[in-house]
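Residue numbers (our numbering), protein chains in the order written: chain A, 1 to 146; chain B, 1 to 146; chain C, 1 to 115; chain D, 1 to 115.
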Amino acid sequence: MQDEPRSGGPEQISLQIPCRYSYLRIVRQAVADLCAQTCVSEFKAAQLEMAVDEICAELIEKLRQRAGGDGAQPLLVILRRESGGIVSEVYYSGQKVEFPALSADAAKSTEDAAALGSYVVHRFVEKVEHVRDPERGWCVRIRKAL
Amino acid sequence: MQDEPRSGGPEQISLQIPCRYSYLRIVRQAVADLCAQTCVSEFKAAQLEMAVDEICAELIEKLRQRAGGDGAQPLLVILRRESGGIVSEVYYSGQKVEFPALSADAAKSTEDAAALGSYVVHRFVEKVEHVRDPERGWCVRIRKAL
Amino acid sequence: MKQCRIEREQRENLDILHLDGALDAYSFPRLEAALRALREENRNNVILDCAGLDYISSASLGALIGFARRARENGGDLKLVKLSRKIYNIVELLGFHKILEIYPDLESAVRSFAA
Amino acid sequence: MKQCRIEREQRENLDILHLDGALDAYSFPRLEAALRALREENRNNVILDCAGLDYISSASLGALIGFARRARENGGDLKLVKLSRKIYNIVELLGFHKILEIYPDLESAVRSFAA
Ligand SMILES: Nc1ncnc2c1ncn2[C@@H]1O[C@H](COP(=O)(O)OP(=O)(O)O)[C@@H](O)[C@H]1O
Ligand SMILES: Nc1ncnc2c1ncn2[C@@H]1O[C@H](COP(=O)(O)OP(=O)(O)O)[C@@H](O)[C@H]1O
């Protein structure tokens, strides 16, 4: 009975984590829980979970490289339901990180291991943007339709 | 090898969730992950996890009662390592919530089911405070020594 | 951590509830419903298979203790089996291992009811 | 979600890696180490028991495919068994079920190596 659709209300999770791989599973849990609450199918939820995980993992790798490890600044992940879809935003501070997971070019094949993350993200979500927020810095925003 | 102690760096997780029981498990996961990263023993981690879960569950119950369900405002949970301990802060908006889990009186026995939450919190952590933060509202802060 | 599932296995003289996931405030109504059904059918010999249980809240422990008390008044009992180390440790620290019977495996709990 | 554990079971003509938890960027080095050990010992018949696997990242999938290719060049293979529906679905959507052999259970995968 507790698994019924939620009635409404602002369904949003914000999560700030240290820039480390070990916190990826909280991010995945947050995606899974938000999806469960907003009646997303198990399969769509798993796809969004993977897309968000791939983005965070790539950002963590690049940001740690740049900062030389533990100096890297935290990530802010915001997940919310938005008219007919789920939006995930991952904010980070400092200069823009260029990485293949965002390029639609790299997303065309699964041949190249480095481009796999990119392929996953583009295969599993409808919209991928890398935008600048005046207050919170760079943001990778993806949207999955329900 | 990846399970080695972390070298340092600010180990902190902030988590804002809708005021619903269904998000308790993200909170527990966050406690477990932070504890794993800061070398807390499995048993101490489980105790802190339970104390934080009991506090959030009680707050959610009372805040939902007050707001009539889904109108209840989100909870903000901040977990961090602090000299020799782990601190958990749970912030909520609006007027102070009185609840038994914070009373040391109620914590003396396990006879009364309603007082069980209180007993757990006081049994498992060293310090329990219910304080007012000028910016973020009321805060239940607990601290577990490592 | 998964959502809690409670599966009921009915045997001749006892019932086994197989738990999977977390017994927290969210799944609490599900536990209550399962215990209520047992009470209503006057089934008083109950084993809780905790092999898949990864969390238990104080309210859930309270509900189990309440059920056990009532079951004992009716000549039965509620017993726990296959607790993880983590959960056993919590139960022990709270002193509930003195209130609830705990067995390492299903077989010994089943035998304890037969005795 | 638990931390990933990888347990290696060595049989006469093949190795089974039992996975438990998540194969993500955090546990990736552990997967790499396990696969490296197999390569160094020239063990090319490998079964991945995914019964306990609750997540797999693209990098991990890439590492498995790389290992499978190399194993095939050496007359062996890497095969997956007991994928959850959720993970099978992901693997299928990415088209990797055409690259990696997948079996429902350990026995059929073991037999496929013997054949
Ligand atoms: N003290 C409690 N412990 C456990 N569950 C409770 C408690 N009080 C109420 N519940 C029930 O838990 C269920 C889950 O609640 P929740 O996830 O907050 O969302 P909703 O009330 O919209 O279903 C509700 O049916 C609620 O009535
Ligand atoms: N692309 C990658 N995918 C998976 N693991 C990686 C990748 N790059 C590096 N790693 C390794 O993952 C391990 C875990 O990293 P992390 O949890 O961030 O903390 P730390 O580097 O302090 O151990 C590190 O040993 C890191 O070298």
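For each residue, glycine too, the CB sits at the ideal point set by N, CA and C.
Counted within 10 angstroms of its Cβ, other Cβ atoms place residue i as buried (16 or more) or exposed
{"i": "B:VAL131", "result": "exposed"}
{"i": "D:GLU9", "result": "exposed"}
{"i": "D:ALA128", "result": "Since the displayed chain D opens at 1 and closes at 115, residue 128 of chain D lies outside it and no answer follows."}
{"i": "B:GLY117", "result": "buried"}
{"i": "A:ASP133", "result": "exposed"}
{"i": "D:ASN13", "result": "exposed"}
{"i": "B:ARG25", "result": "buried"}
{"i": "D:ALA37", "result": "exposed"}
{"i": "D:ARG11", "result": "exposed"}
{"i": "D:GLY76", "result": "buried"}
C-beta neighbour in chain B for residue i, strict 7 Å
{"i": "A:ILE13", "result": "yes"}
{"i": "A:GLN16", "result": "yes"}
{"i": "A:ASP33", "result": "yes"}
{"i": "A:GLN29", "result": "yes"}
{"i": "C:TYR88", "result": "no"}
{"i": "A:ILE60", "result": "no"}
{"i": "C:ASP24", "result": "yes"}
{"i": "A:ILE26", "result": "yes"}
{"i": "C:MET1", "result": "Because C:MET1 carries a pLDDT of 48, less than 50, the predicted location of this residue cannot be relied on, and no value is offered for it."}
Test: residue i CB closer than 7 Å to a CB of chain A
{"i": "D:GLY62", "result": "yes"}
{"i": "B:GLN37", "result": "yes"}
{"i": "D:ILE6", "result": "no"}
{"i": "D:SER58", "result": "yes"}
From the options, residue whose alpha carbon lies closest to that of residue i
{"i": "C:LYS98", "options": "C:LEU80, C:ILE47, C:ARG30", "result": "C:LEU80"}
{"i": "C:ILE16", "options": "C:GLU7, C:ALA22, C:TYR103", "result": "C:GLU7"}
{"i": "B:TYR92", "options": "B:SER22, B:ILE13, B:ALA67", "result": "B:ALA67"}
{"i": "B:HIS122", "options": "B:GLY84, B:PRO100, B:ASP133, B:ARG136", "result": "B:PRO100"}
{"i": "B:GLN95", "options": "B:ASP70, B:LEU63, B:LEU116", "result": "B:LEU63"}
{"i": "D:VAL91", "options": "D:CYS50, D:ASN44, D:ASP20", "result": "D:CYS50"}
{"i": "C:GLU101", "options": "C:LEU93, C:GLU73, C:LEU48, C:SER84", "result": "C:LEU48"}
{"i": "D:LEU53", "options": "D:TYR88, D:TYR103, D:ARG111", "result": "D:TYR88"}
{"i": "B:ARG80", "options": "B:ASP70, B:ALA36, B:TRP138", "result": "B:ALA36"}
{"i": "C:TYR103", "options": "C:LEU78, C:LEU93, C:LEU94", "result": "C:LEU78"}
{"i": "D:GLU41", "options": "D:LYS82, D:ALA109, D:ASN74", "result": "D:ASN74"}
{"i": "A:GLY137", "options": "A:VAL40, A:GLN73, A:THR38, A:CYS39", "result": "A:GLN73"}
{"i": "B:ALA115", "options": "C:GLY76, C:LEU94, C:LEU83, C:ASN44", "result": "C:LEU94"}
{"i": "B:VAL140", "options": "B:THR38, B:GLN65, B:ILE55", "result": "B:ILE55"}
{"i": "A:LYS44", "options": "A:PHE124, A:GLN16, A:GLN65", "result": "A:PHE124"}
{"i": "A:THR38", "options": "A:ILE142, A:GLU82, A:GLU135", "result": "A:GLU82"}
{"i": "D:ARG111", "options": "D:TYR55, D:TYR26, D:ASN45, D:LEU19", "result": "D:ASN45"}
CB contact check: residue i to chain D, cutoff 7 Å
{"i": "A:TYR21", "result": "yes"}
{"i": "A:ALA46", "result": "yes"}
{"i": "A:LEU146", "result": "no"}
{"i": "A:VAL140", "result": "no"}
{"i": "A:VAL120", "result": "yes"}
{"i": "A:GLU126", "result": "no"}
{"i": "A:GLY69", "result": "no"}
{"i": "A:LEU116", "result": "yes"}
{"i": "A:ALA57", "result": "yes"}
Beta-carbon spacing of residue i, residue j below 7 Å
{"i": "C:CYS4", "j": "C:ALA22", "result": "yes"}
{"i": "B:VAL87", "j": "B:LEU75", "result": "no"}
{"i": "C:LEU31", "j": "C:ALA68", "result": "no"}
{"i": "A:MET50", "j": "A:VAL120", "result": "yes"}
{"i": "D:PHE28", "j": "D:ALA59", "result": "yes"}
{"i": "B:ILE78", "j": "B:SER14", "result": "yes"}
{"i": "B:PRO18", "j": "A:GLU11", "result": "yes"}
{"i": "A:VAL157", "j": "A:LEU146", "result": "An answer regarding residue 157 of chain A cannot be provided, because it is not within the stretch 1 to 146 covered by chain A."}
CB-CB length for residue i against residue j, believed under 8 Å
{"i": "D:ILE65", "j": "D:PHE113", "result": "Incorrect: roughly 18 Å between the Cβ atoms, too far for contact."}
{"i": "B:ARG20", "j": "B:ILE60", "result": "7 Å"}
{"i": "C:ASP24", "j": "B:ALA57", "result": "7 Å"}
{"i": "A:GLY85", "j": "A:LYS144", "result": "6 Å"}
{"i": "C:LYS86", "j": "B:GLU42", "result": "6 Å"}
{"i": "C:SER57", "j": "B:ASP53", "result": "6 Å"}
Short CB-CB distance (under 7 Å) between residue i and chain C
{"i": "B:PHE99", "result": "no"}
{"i": "B:GLU54", "result": "yes"}
Distance cut-off 6 Å: residue i Cβ against heavy atoms of ligand 4
{"i": "D:ILE87", "result": "By its list of ligands, the structure shown excludes ligand 4, since it contains just ligand 1 and ligand 2."}
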